[in-house]
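**Q** First the structure, which I've put down as structure tokens, then a few questions once you've had a look.
Numbering (the working numbering), first residue to last: 1 to 210.
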């Protein structure tokens, strides 16, 4: 029975990749490129201990704590810690938005455009398109994690070792997958891509506030 439900999933994966390839390439280029460019720039921005202390004092401002969370102890304040503290939240938000838009487009968006009805008229499994969409999203987040981790590792900034680099990348992909899952749930609850996207973004905003 499962074989019938997911029949032709592999071909639909290729179709979805071709359909969304430019979106995927652009999103990955922006996320990975921005992350690595900032990581490269940070050693020249925070060159001395005085620079790091200035950063720590700025992070003690209540407004900065509300926006980025509690700051680090001065003894642990490396370039890697500063980078993660300032960049991780914003890159995870961007990764979440990427996943929300990709999932909404490949579920309710394709249904509204009539693409899903056309494909389901062919000899494919009833759940094959949704299954293929999910696999594509997993692959995209794996690529995001690997490219980010490898890039940060080769930059080799102070405080960014192999473990930290790949942990950063894996967490980025995990947050993306979490919001992709939420968006898939909303795609079953709401009828339009606009509703799915709006409710997913509302949840993202609520998670940020919390």
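Where a beta carbon is used, it is the ideal one built from N, C-alpha and C, also for glycine.
#1: Among 49, 132 and 109, which residue has its Cα nearest to the Cα of residue 11?
#2: From this set, 104, 84 and 43, which residue's C-alpha is nearest residue 195's C-alpha?
#3: For residue 98, which residues of its own chain have a beta-carbon under 6 Å away from its beta-carbon, when the five flanking residues on both sides are left out?
#4: Using the Cβ count rule (16 or more neighbours within 10 Å means buried), how would you classify residue 165?
#5: Whole angstroms are fine: how far does the CA of residue 115 sit from the CA of residue 67?
#6: One question on the structure: do residue 32 and residue 147 come within less than 8 Å of each other, judged by their Cβ atoms?
#7: On a Cα-Cα basis, can you pick out the residue from 91, 64 and 82 that is closest to residue 170?
#8: Establish whether the CB of residue 182 and some CB of chain D are separated by less than 8 Å.
#9: Quick one: what's got a C-beta closer than 7 Å to residue 143's C-beta in the same chain, skipping five residues either side?
#10: Closest to residue 190 by C-alpha separation, out of 6, 107, 118 and 119, would be which residue?
#11: What are the start and end residues of each continuous alpha helix (DSSP H) run of 4 or more residues lying completely inside the segment 63-115, in chain order?
#12: Does the beta-carbon distance from residue 137 to residue 102 come in below 8 Å?
#13: Under 8 Å between the Cβ atoms of residue 83 and residue 38?
#14: Find out if the Cβ-Cβ distance for the pair residue 6, residue 127 is shorter than 8 Å.
#15: Identify which residue in 60, 43, 63 and 96 has its Cα closest to the Cα of residue 80.
#16: Return yes when the Cβ of residue 9 is within less than 8 Å of the Cβ of residue 125, no when it is not.
**A** For this structure:
#1: 132
#2: 104
#3: 27
#4: buried
#5: When rounded, the distance between both Cα atoms is 41 Å.
#6: The answer is yes: Cβ separation under 8 Å.
#7: 91
#8: Among the protein chains of the structure shown there is no chain D, as only one such chain exists.
#9: 28
#10: The residue among 6, 107, 118 and 119 with its C-alpha nearest the C-alpha of residue 190 is 107.
#11: 79-104
#12: yes
#13: Result yes, Cβ atoms of residue 83 and residue 38 sit closer than 8 Å.
#14: yes
#15: Out of 60, 43, 63 and 96, the CA that lies nearest to the CA of residue 80 is found in 43.
#16: yes
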